[in-house]
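Enquirer: Structure incoming, see below.
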């Protein structure tokens, strides 16, 4: 089975990017001109999968101007290739004629429906509906998303991410960890990274010097960035130059308690609920489209210590959930400030 | 009749919680509403207490109750980590023959003096007069209607003195017909930026124990709060401190949040800033449009306000530091 070339993720991180572009986004390396094989009965064996036919999971996400017949066309395409659809999510907003789908979770035999054929088939559909976004992904075949993780002094989100990756919960490849805070080699994070061969780059920042050029170089080749408690604000220029999605975890229930030390802010305000928010990074701090939010109850019995502890717990879960959703192609940007999360 | 401390954002005023009414009123169960404790052969009593922390407070309170044959069903005690302040709330069942109401007052008063408490309240829901409230509302009906229904169903153990609104309601509306049927006066006081009619409101709410702002969209001045002197509970249709001010559903919808909420809180001079009593949330997603944001929000507001009023009447809400509450 041919392994595909690098998988490029398409949604832009910029808030100024228009969603009305008519050019279709498509995420594959151009396929060969070989016509797709048509198979009328399941093959018993093929050179690449001896014995029982192999079933793998595919995900297709689609956004285009709304029209009649889109779901029919997509599902017919999958069925004609003996793909078995396990799940479909469709969403058309009330006031806008935009069609979103995630179909998705279809099981197919790569011997019957090769990866290149799949790309070509979906490309046809994308063209006929003038889609702005059409991505197909086969998690078992396509390369994992490559990410870089940025962190500052706080360890908990970074550590949780590393463990999640290690345990297989996060289907990513961590290219590097970049921090503006030094970590001693005996530090748990540092020794973890060393053991797993993930480079750690310490780039100390000052208000005047954010080291963004160096960061850009270090994150070249990544599919998206994760800010796991990175306390520096990334400039609009950085976001434009990087050009891809950046996911941040904010330790508060946006839009409450923007800025620093939201736990103390929440504690002083006497709220009965605290939360965490993951969102896409845009130029305004803590203002990008929200991906996921989680809350927990607090009461008079919670001191500042337990506010912080509950908050950290929420941040870890919220960040992991957002990354999983993103890698699973569940997250679409909708309008400028919102997301569709299937 | 019981009076709880009014929240003032910058001051901390201790106040004796005992009012005259209860002491002079003879013990009688005739006017009580149905209570499940009657059926079990006892009367429910609630005691809340706040004083400087010391050894022996719980022992003293529980001993006092036990000596009179009272059976404690629930005790909540709270002492903050960093401050030597003691809070407790005890629920007990007692026999009125063995422990008359006046005696109960006197005995708890002694404990109050012993520990130099700044808050000591005892309440016997079946004997003591219900809390008298006035409800203020503007155009939005849903919270007002829910409070009225809650009162009618017995879920809110209050007596509604009157409803005051800066919005006129047609005699044929559900609210007006309900109020007429139940003999509750409705006062229409239209306001302008120049005239908030606060003096007239103060006249109308005389004799109430606390006020409920059920989506009353006017800001009450510091002067009003001082003159009224008692607690005012407001429902804010948003998860404070997010989305203060008007139309928080719209603000939330535009902000693309995944969770919306409602907050009930005590009113202070600063808009939407008083100590929070209760908060509730519900998930929203891309599938929610502005209408369902509003609908979910209204649903939350009703529940949140009702819960806050009930907690308050059950003496579960105590002031904590300047801007917070203990809610047992």
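Residue numbers (my numbering), protein chains in the order written: chain A, 1 to 342; chain B, 1001 to 1328.
For glycine and all other residues, C-beta sits at the position ideal for the given N, C-alpha and C.
For residue 1306 of chain B and residue 1234 of chain B, what's the separation of their Cα atoms in angstroms?
Expert: Translated into the one-based positions of the second chain, residue 1306 of chain B becomes position 306. Translated into the one-based positions of the second chain, residue 1234 of chain B becomes position 234. Those two C-alpha atoms are separated by around 11 Å.
Enquirer: Keeping to the same chain, check which residues put their C-beta closer than 7 Å to that of residue 1217 of chain B; ignore five residues upstream and five downstream.
Expert: Looking up residue 1217 of chain B in the second chain gives position 217. Cβ within range, chain order: 1138.
Enquirer: Take residue 1161 of chain B and list the residues in its own chain whose beta-carbon comes closer than 6 Å to its own, dropping the five residues that flank it on each side.
Expert: As a working note, residue 1161 of chain B is residue 161 in the second chain. Correct list, in chain order: 1132, 1134 and 1208.
Enquirer: Check the Cβ-Cβ distances between residue 1131 of chain B and every residue of chain A, and say whether any is below 8 Å.
Expert: By one-based count along the second chain, residue 1131 of chain B stands at place 131. Closer than 8 Å: no.
Enquirer: Would you list, in chain order, the members of the region 1228–1241 of chain B that have their beta-carbon closer than 8 Å to a beta-carbon of chain A?
Expert: 1239, 1240 and 1241
Enquirer: Would you list the one or two residues that DSSP bridges to residue 200 of chain A?
Expert: Within the first chain, numbered from 1, the residue matching residue 200 of chain A stands at position 200. Answer by DSSP bridge pairing, in chain order: A/177.
Enquirer: Output yes if chain B places a C-beta closer than 8 Å to the C-beta of residue 290 of chain A; else output no.
Expert: Residue mapping note: residue 290 of chain A aligns to position 290 of the first chain, counting from 1. For residue 290 of chain A, the answer is yes, since a Cβ of chain B falls inside 8 Å of its Cβ.
Enquirer: What first and last residue would you give for the alpha helix (DSSP H) that runs through residue 1224 of chain B?
Expert: Start at 1 with the first residue of the second chain, and residue 1224 of chain B comes out as number 224. First-last of the alpha helix (DSSP H) with residue 1224 of chain B: 1222–1228.
Enquirer: Assign residue 1070 of chain B to one of two classes, buried (16 or more other C-beta atoms within 10 Å of its C-beta) or exposed (fewer than that).
Expert: Counting from 1 along the second chain, the entry for residue 1070 of chain B is found at position 70. So residue 1070 of chain B counts as buried.
Enquirer: Residues of chain A with CB closer than 9 Å to the CB of residue 1326 of chain B, please, in chain order.
Expert: Sequence index remark: in the second chain, residue 1326 of chain B carries index 326 (1-based). Result: 299, 300 and 301.
Enquirer: Of the choices B/1167, B/1240 and B/1231, whose alpha-carbon is the least far from that of residue 1191 of chain B?
Expert: Counting from 1 along the second chain, the entry for residue 1191 of chain B is found at position 191. The option with the nearest alpha carbon to residue 1191 of chain B is B/1167.
Enquirer: Which one of B/1057, B/1061 and B/1122 has the shortest CA to CA distance from residue 1086 of chain B?
Expert: The residue labelled residue 1086 of chain B in the question sits at position 86 within the second chain. The shortest Cα separation from residue 1086 of chain B among B/1057, B/1061 and B/1122 belongs to B/1057.
Enquirer: With distance defined between alpha-carbon atoms, name the residue in A/64, A/289 and A/169 nearest to residue 320 of chain A.
Expert: As a first step, residue 320 of chain A must be located in the first chain, where it is residue number 320. Of the listed residues, the one whose Cα sits closest to residue 320 of chain A is A/169.
Enquirer: Please report how far the alpha carbon of residue 1097 of chain B lies from the alpha carbon of residue 1251 of chain B, in whole angstroms.
Expert: For this step, residue 1097 of chain B is matched to residue 97 along the second chain. For this step, residue 1251 of chain B is matched to residue 251 along the second chain. Answer to the nearest angstrom: the Cα atoms are 57 Å apart.
Enquirer: Suppose you measure from the CA of residue 106 of chain A to the CA of residue 92 of chain A; what does that come to, to the nearest Å?
Expert: Translated into the one-based positions of the first chain, residue 106 of chain A becomes position 106. Translated into the one-based positions of the first chain, residue 92 of chain A becomes position 92. Cα to Cα, residue 106 of chain A sits roughly 21 Å from residue 92 of chain A.
Enquirer: For residue 151 of chain A, which three-state DSSP category applies?
Expert: Position 151 of the first chain, counted from the first residue, corresponds to residue 151 of chain A. Strand at residue 151 of chain A.
Enquirer: Rounded to whole angstroms, what is the Cα-Cα separation between residue 179 of chain A and residue 299 of chain A?
Expert: Counted from its first residue, the first chain places residue 179 of chain A at position 179. Counted from its first residue, the first chain places residue 299 of chain A at position 299. Spanning the two alpha carbons is a distance of roughly 35 Å.
Enquirer: Do the CB positions of residue 252 of chain A and residue 236 of chain A come within less than 8 Å of each other?
Expert: Looking up residue 252 of chain A in the first chain gives position 252. Looking up residue 236 of chain A in the first chain gives position 236. No, they are not a contact pair.
Enquirer: List the endpoints of the continuous beta strand (DSSP E) containing residue 159 of chain A.
Expert: For the purposes of this step, residue 159 of chain A is taken as the residue at position 159 of the first chain. No beta strand (DSSP E) holds residue 159 of chain A; the alpha helix (DSSP H) holding it covers 156–166.
Enquirer: Please confirm whether residue 1327 of chain B and residue 1277 of chain B have their CB atoms less than 8 Å apart.
Expert: Position 327 of the second chain, counting from 1, holds the residue named residue 1327 of chain B. Position 277 of the second chain, counting from 1, holds the residue named residue 1277 of chain B. Against a cut-off of 8 Å, the Cβ pair of residue 1277 of chain B and residue 1327 of chain B comes out as a contact.
Enquirer: At the 8 Å Cβ level, is residue 338 of chain A part of the contact set with chain B, yes or no?
Expert: Numbered from its first residue, the first chain carries residue 338 of chain A at position 338. Taking Cβ atoms only, chain B reaches closer than 8 Å to residue 338 of chain A, which makes this a yes.
Enquirer: Tell me whether residue 184 of chain A is buried or exposed, calling it buried when 16 or more other Cβ atoms sit within 10 Å of its Cβ.
Expert: Position 184 of the first chain, counted from the first residue, corresponds to residue 184 of chain A. Classification for residue 184 of chain A: exposed.
Enquirer: Which residues in chain E have a C-beta closer than 9 Å to the C-beta of residue 91 of chain A? List them in chain order.
Expert: Considering every chain present, this structure includes no chain E. Its protein chains are A and B.
Enquirer: Any C-beta of chain B within less than 8 Å: which residues of the region 243–273 of chain A qualify?
Expert: 253, 254, 255, 256, 257, 268, 269, 270, 271, 272 and 273
Enquirer: Just to confirm, are residue 255 of chain A and residue 1308 of chain B a CB contact at a threshold of 8 Å?
Expert: Taking the first chain and counting its residues from 1, one reaches residue 255 of chain A at position 255. Taking the second chain and counting its residues from 1, one reaches residue 1308 of chain B at position 308. No, these two residues do not count as a Cβ contact at 8 Å.
Enquirer: Are the CB atoms of residue 102 of chain A and residue 330 of chain A within a distance shorter than 8 Å?
Expert: Counting from 1 along the first chain, the entry for residue 330 of chain A is found at position 330. Counting from 1 along the first chain, the entry for residue 102 of chain A is found at position 102. Their beta carbons are under 8 Å apart, which means residue 330 of chain A touches residue 102 of chain A by this criterion.
Enquirer: Among the candidates A/111, A/53 and A/139, whose CA atom is the shortest distance from the CA of residue 60 of chain A?
Expert: The residue given as residue 60 of chain A occupies position 60 in the first chain. Closest by alpha carbon: A/139.
Enquirer: Check whether chain B comes within 8 Å of residue 94 of chain A, counting only Cβ atoms and requiring the distance to be less than that.
Expert: Locating residue 94 of chain A in the first chain gives position 94, counting from the first residue. Closer than 8 Å: yes.
Enquirer: Among A/267, A/285, A/262 and A/113, which has the Cα closest to the Cα of residue 81 of chain A?
Expert: Taking the first residue of the first chain as 1, we reach residue 81 of chain A at position 81. The candidate whose alpha carbon is nearest that of residue 81 of chain A is A/113.
Enquirer: Out of B/1206, B/1104 and B/1082, which one is the CA nearest neighbour of residue 1063 of chain B?
Expert: Numbered from its first residue, the second chain carries residue 1063 of chain B at position 63. The residue with the shortest Cα to Cα distance from residue 1063 of chain B is B/1104.
Enquirer: Taking contact to mean at least 3 C-beta pairs separated by less than 8 Å, is the region 1308–1326 of chain B in contact with the region 1046–1061 of chain B?
Expert: yes
Enquirer: Helix, strand or coil for residue 238 of chain A per DSSP?
Expert: Numbered from its first residue, the first chain carries residue 238 of chain A at position 238. When DSSP states are grouped into helix, strand and coil, residue 238 of chain A belongs to the helix group.
Enquirer: Taking a Cβ distance cut-off of 8 Å, strictly less, list which residues of the region 1243–1260 of chain B are near chain A, in chain order.
Expert: 1243, 1254, 1255, 1256, 1257, 1258 and 1259
Enquirer: Take residue 1227 of chain B and list the residues in its own chain whose beta-carbon comes closer than 7 Å to its own, dropping the five residues that flank it on each side.
Expert: Sequence index remark: in the second chain, residue 1227 of chain B carries index 227 (1-based). So the qualifying residues of the chain are 1202.
Enquirer: In chain A, which residues lie with their C-beta within 7 Å of the C-beta of residue 1081 of chain B?
Expert: Numbered from its first residue, the second chain carries residue 1081 of chain B at position 81. Within chain A, the residues whose beta carbon sits less than 7 Å from that of residue 1081 of chain B are 303, listed in sequence order.
Enquirer: Checking contacts by CB at 8 Å: is residue 1279 of chain B closer than that to chain A?
Expert: The count along the second chain starts at 1 and reaches residue 1279 of chain B at position 279. True, the Cβ-Cβ gap to chain A drops below 8 Å.
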